[in-house]
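Just below is one structure, and these are the notes that go with it.
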Amino acid sequence: CMSKLHGHQPYAMDTQETYAVLRWFATFHASTWGPQSSDKAVIDYGLQPQGTYWYLDTRLDEHRSMSRKGWQGRLRNAAKAIDTHLKKDTRLHCCVHGDAKDANMLFHDDDKHTNKNRDKSLHVSMYDFQYCGKGPCTKDLAYFLCVAVQDRNDSLYVPYYHKELVQRLKSMKKYKNKDEAFTKIDIPSLQDIEESLQLAYCDWVRFMCGWGMWGHDMTDEVMAVLDRLDGGRNLGSDGAYDAAVQREFG
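Letter 151 of the sequence shown, counting from 1, is numbered 151 in my numbering, and no numbers are missing.
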């Protein structure tokens, strides 16, 4: 039978609710951090080989329906290179929730704390894990910040997530120091997260261009990446964008 979940669903998610979700992400992502841990989790728990529901391999119809003109045409040609980079750059790989929208969240307070400490006493429970699987942590971040957060503020929320993630990874390394595979995992820098997030935003918008727009307008963020790749002019081929992504994002 199904268990009843307690709490309230968010309406116009505020800053403290956003922090609670970012803490949940940090804990969840850290628990399977790195390609070995995430691969093992996929096998052991029957998770998706690729997390999320918008990755390019499963959304080819939406990709084909994208406009061939303007910035969407440029994104259409860059899509495969961006998807490949997010797959191959395993530094940020873990198991992602894959559908972290507000409708899949319930919030509840820890009664042991006062309202003065609501930033730490507020917790979130997540459900609907059908798209949970391997991928970069930034796919969860991009989706959540685009569709669930009322006032998107990357300069506030991304460093907060990074701080919470690093704290958990360092703690896990301390208590799992006999696990050689785990101790070799690099702690990501804030720049690692920010750069990957730029591509994850493009990956999410690529899906929306062929399916229908939802959430915050991400045109400026996508165009900034495209301008970095092609200088404002469509490079015309997957291969040219692949070389540009490798040049700019490693």
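Just so it is clear, CB atoms sit at the ideal spot from N, CA and C, and this is done for glycine as well. Keep in mind that this is a model prediction, so the values were computed, not measured.
Residue from the options with nearest C-alpha to residue i
i	options	result
Lys69	Cys209, Met218, Met213 and Asp217	Cys209
Tyr201	Gly215, Tyr161 and Pro35	Gly215
Asp99	Thr84, Leu75, Leu92 and Gly133	Gly133
Gly232	Glu194, Tyr19 and Ala78	Ala78
Arg23	Ala103, Lys88 and Asp140	Asp140
Asn104	His6, Pro159, Asp230 and Pro136	His6
Ala57	Thr32, Asp230 and Arg206	Residue identity check: residue 57 is Asp in the sequence provided, not Ala. For Asp57, the nearest C-alpha among the options comes from Arg206.
Arg211	Trp71, Ser67 and Trp33	For the sequence presented, residue 211 should be read as Trp rather than Arg. The shortest C-alpha separation from Trp211 is found at Ser67.
Ala224	Thr138, Leu145 and Leu75	Leu75
Lys88	Leu197, Pro136, Glu17 and His108	Pro136
Cys146	Trp33, Leu197, His162 and His108	Leu197
Glu164	Asp44, Leu199 and Phe28	Phe28
Ser3	Ile43, Ser37, Gly46 and Met126	Met126
Asp230	Gly73, Thr138, His162 and Glu62	Gly73
Thr138	Trp33, Met213 and Arg247	Trp33
Pro10	Asn234, Arg247, Leu199 and His108	His108
Asp220	Trp71, Leu47 and Arg59	Trp71
Thr15	His63, Arg59, Arg152 and Val42	Arg152
Glu62	Leu235, Val222, Met213 and Ser237	Met213
Val222	Leu156, Ser37, Leu199 and Asn234	Leu199
Residue i and residue j closer than 8 angstroms at C-beta
i	j	result
Val21	Val96	no
Ser121	Asp110	yes
Ala26	Lys101	no
Leu169	His8	no
Asp83	Asp203	yes
His93	Phe249	no
Glu194	Val166	no
Thr90	Pro49	no
8 angstroms contact criterion, which residue i and residue j should meet: CB distance rounded
i	j	result
Tyr81	Val245	Note that residue 81 corresponds to Ala in the displayed sequence, not to Tyr. Between Val245 and Ala81 the Cβ distance is about 4 angstroms, and since that is below 8 angstroms, they are a contact.
Met172	Ala30	6 angstroms
Met13	Gln150	5 angstroms
Tyr241	Tyr19	The pair is not a contact, with the Cβ atoms about 36 angstroms apart (cut-off 8 angstroms).
Neighbour flag for residue i against chain B, beta carbons, 8 angstroms
i	result
Tyr127	You won't find chain B in this structure, because it holds only one protein chain.
Item to complete: Please confirm if the region 48-62 is in contact with the region 188-200, defined as three or more CB-CB distances below 8 angstroms between the two stretches.
Response: no
Worksheet entry | Runs of beta strand (DSSP E) lying entirely within the region 55-104, each at least 3 residues, in chain order | 93-96
Item to complete: Pick out the complete alpha helix (DSSP H) segments inside the region 198-240, 4 residues or longer, and give them in chain order.
Response: 219-230
Worksheet item: In chain order, which beta strand (DSSP E) runs of at least 3 residues are fully inside the region 119-183?
Response: 122-126 and 133-136
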